[in-house]
Amino acid sequence: MDPERQVDIARYLKFVIAFLIIMFSVLGLYEFYYGAEARRTQELQQEFNRLNMPGASAATTTAP
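Per the working numbering, the sequence shown starts with residue 26, numbered consecutively.
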């Protein structure tokens with residue numbers, strides 16, 4: 026294999042590796058932010074449902 030072809034392959038592999046690192050970083054940040062937001066939304070929904078249960082009185086609910 027000639028040296029010029031080796032340089033082309035190395036350049037291509039560096040590009041692919043850099044692209045994959047950037048993609049996984051972006052996906053990780055996206056999941057970190059929106060995953061936390063989704064969990065918080067779910068917690069708020071559960072708290073809302075708990076406070077609005079039929080038959081629940083002030084004596085059965087706990088203050089945060």
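Every residue, glycine too, gets a C-beta built ideally from N, C-alpha and C.
Note that the coordinates shown come from a computational prediction; the quantities given were computed from them, not determined experimentally.
Alpha-carbon to alpha-carbon, residue j and residue i
i: R30; j: Y55; result: 37 Å
i: Y59; j: S50; result: 14 Å
i: T66; j: R36; result: 45 Å
i: E62; j: G53; result: 14 Å
Local conformation of residue i per DSSP, three classes
i: N77; result: coil
i: M48; result: helix
i: D27; result: coil
Heavy atom of the ligand NAP within 6 Å of residue i beta-carbon
i: A35; result: With respect to the ligand NAP, the structure offers nothing, as it holds no ligand at all.
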